[in-house]
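Colleague: Letter by letter, the sequence shown follows residues 0 to 263 of numbering that gives the first Met the number 0.
Glycine included, each C-beta is placed from N, C-alpha and C at the ideal position.
Let me begin by handing over the structure; questions about it come next.
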Amino acid sequence: MKRILLINPPYPFEEHPSPSFGLMSLAAYLIEKGYEVRIEDYIIENCSADRFKYVLDEFKPEVIGATAVSMTVKKSLSILKEYRLLSPGIITVMGGPHATFDSTGILISGYVDFIVRGEGEITFTELLSTISEGGDPAAVNGISYIMDGKVHLTPDRELIDDINILPYPARNLAALSRYKAMDLPINMITSRGCPHSCIFCLGRKMVGRRLRYYTIERVVDEFELLSKMEFSQINISDDLFTSNKNRCIAICDGIISRGIKQDW
Numbered sequence: 000m001k002r003i004l005l006i007n008p009p010y011p012f013e014e015h016p017s018p019s020f021g022l023m024s025l026a027a028y029l030i031e032k033g034y035e036v037r038i039e040d041y042i043i044e045n046c047s048a049d050r051f052k053y054v055l056d057e058f059k060p061e062v063i064g065a066t067a068v069s070m071t072v073k074k075s076l077s078i079l080k081e082y083r084l085l086s087p088g089i090i091t092v093m094g095g096p097h098a099t100f101d102s103t104g105i106l107i108s109g110y111v112d113f114i115v116r117g118e119g120e121i122t123f124t125e126l127l128s129t130i131s132e133g134g135d136p137a138a139v140n141g142i143s144y145i146m147d148g149k150v151h152l153t154p155d156r157e158l159i160d161d162i163n164i165l166p167y168p169a170r171n172l173a174a175l176s177r178y179k180a181m182d183l184p185i186n187m188i189t190s191r192g193c194p195h196s197c198i199f200c201l202g203r204k205m206v207g208r209r210l211r212y213y214t215i216e217r218v219v220d221e222f223e224l225l226s227k228m229e230f231s232q233i234n235i236s237d238d239l240f241t242s243n244k245n246r247c248i249a250i251c252d253g254i255i256s257r258g259i260k261q262d263w
């Protein structure tokens, strides 16, 4: 089970979408572990049955994974339904904030086999390995699934202790030129985690209370890489980029010292 299709559902252009950072991060980790990955981004691709058939015929995925926030979850489910109708028996997985918080509601839709809750890189990779080997999904922490008519939630997975083990997002799998042509931003993160409990925010529940940082050198390296892609703007999408004053200034000093000229 080596060909993985990742789905980014349609998202309103008035919300100024950027390439799916989560899917590109997941894809990069999967590729590092030996999987073949394709991202279908229906923000910019034609979201139609003809497109779905084309992807199935050309790529022949064995597993389809989709992401969703509350604004896009219904469309994400409808896309998985269409793929499943065209390819009965294909394994479907969903991750992202809405699936993490309402895994039972998603599973009873009947279009999703597994939910990956929270950080997806290690959990999804372990799930794929378990499925391939015919193992028991109950052994995979951080997932939800239905068995014998009942929803099962395995224990939460521990957060990735050192996020510097993660490769750069696989931005080569996204149609960046289309986003750039529409003057939409490209994004990056410099940390994961938030210790606060704001009721309107998904940060703490998705990536934990403890702040985990990418090294300053890695952050500046990635910023410099993105600056060469000629986007009008780079968005830093951390929950708390400016909360650590010394680190924030060190990153800014690194950008200045390299002579990088980029709006962000």
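Can you find at least 3 beta carbon pairs, one from the region 100–107 and one from the region 118–125, that sit closer than 8 angstroms?
Modeller: In short, these stretches do not touch, since the Cβ pair count stays below three.
Colleague: Starting from R37, follow its DSSP beta bridges and name the residues at the other end.
Modeller: Note: R37 sits in a beta bridge opposite L4.
Colleague: Run the CB neighbour count on R208, radius 10 Å, all protein chains shown included, and call it buried at 16 or more, exposed below.
Modeller: Burial call: exposed.
Colleague: Measuring CB atoms only, is the region 82–96 touching the region 47–63, in the sense that at least three cross pairs come out at less than 8 angstroms?
Modeller: The region 82–96, when compared against the region 47–63, does touch it at the 8 angstroms Cβ threshold.
Colleague: C197 to K204, Cα distance in whole Å?
Modeller: Distance between the alpha carbons of C197 and K204: 10 angstroms.
Colleague: Distance, Cα to Cα, E216 vs G253?
Modeller: Using only the alpha carbons, I get a separation of about 8 angstroms.
Colleague: What's the gap between the Cα of S24 and the Cα of E31?
Modeller: Roughly 11 angstroms separates the two Cα atoms.
Colleague: How about Y213 and I162: do their beta carbons lie closer than 8 angstroms?
Modeller: Going by C-beta atoms, Y213 is nearer than 8 angstroms to I162.
Colleague: Which whole-angstrom value describes the C-beta separation of E125 and V139, a residue pair presumed to lie in contact below a C-beta threshold of 8 angstroms?
Modeller: Indeed, because the Cβ distance is near 5 angstroms, the residues count as touching under 8 angstroms.
Colleague: Thinking C-beta only, is K179 closer than 8 angstroms to F113?
Modeller: No.
Colleague: Among residues of its own chain, excluding the 5 on either side of A174, which ones have a beta-carbon nearer than 7 angstroms to its beta-carbon?
Modeller: The residues are D40, I43.
Colleague: Just the C-alpha distance for L127 and P8, rounded to the nearest angstrom, thanks.
Modeller: Rounded to the nearest angstrom, the two C-alpha atoms are 22 angstroms apart.
Colleague: So does the region 138–158 actually touch the region 233–252, counting three or more Cβ pairs closer than 8 angstroms?
Modeller: They do not touch, by the three-pair rule.
Colleague: Less than 8 angstroms between the beta carbons of G64 and L5, yes or no?
Modeller: Yes, they are a contact pair.
Colleague: Within a Cβ cutoff of 6 angstroms, which residues of the same chain sit near I90, ignoring the five residues on either side of it in sequence?
Modeller: Taken in chain order, the residues that qualify are V62, D112.
Colleague: Quick one: Cα of E223 to Cα of H15, how far?
Modeller: Using only the alpha carbons, I get a separation of about 23 angstroms.
Colleague: By Cβ distance, which residues of its chain are closer than 6 angstroms to T103, with the 5 residues on each side in sequence left out?
Modeller: Hits under 6 angstroms: V150.
Colleague: Who are the near neighbours of S226 in its chain, counting only those whose CB is closer than 6 angstroms to its CB and skipping five residues on each side?
Modeller: These residues qualify, in order along the chain: I259, Q261.
Colleague: If V218 and R257 are in contact, beta carbons under 8 angstroms, what's the gap, nearest whole angstrom?
Modeller: Between R257 and V218 the Cβ distance is about 12 angstroms, and since that is not below 8 angstroms, they are no contact.
Colleague: For my contact list, L172 and I78 are in at a C-beta cut-off of 8 angstroms; report their separation, rounded to the angstrom.
Modeller: Between I78 and L172 the Cβ distance is about 18 angstroms, and since that is not below 8 angstroms, they are no contact.
Colleague: With a threshold of 8 angstroms on Cβ separation, who are the neighbours of Y167 within its own chain once the five nearest residues in sequence on each side are excluded?
Modeller: Closer than 8 angstroms at Cβ, skipping near neighbours: A27, E221, L224.
Colleague: Taking the straight line between their C-alpha atoms, what separation do you get for E13 and G21?
Modeller: One C-alpha to the other measures close to 20 angstroms.
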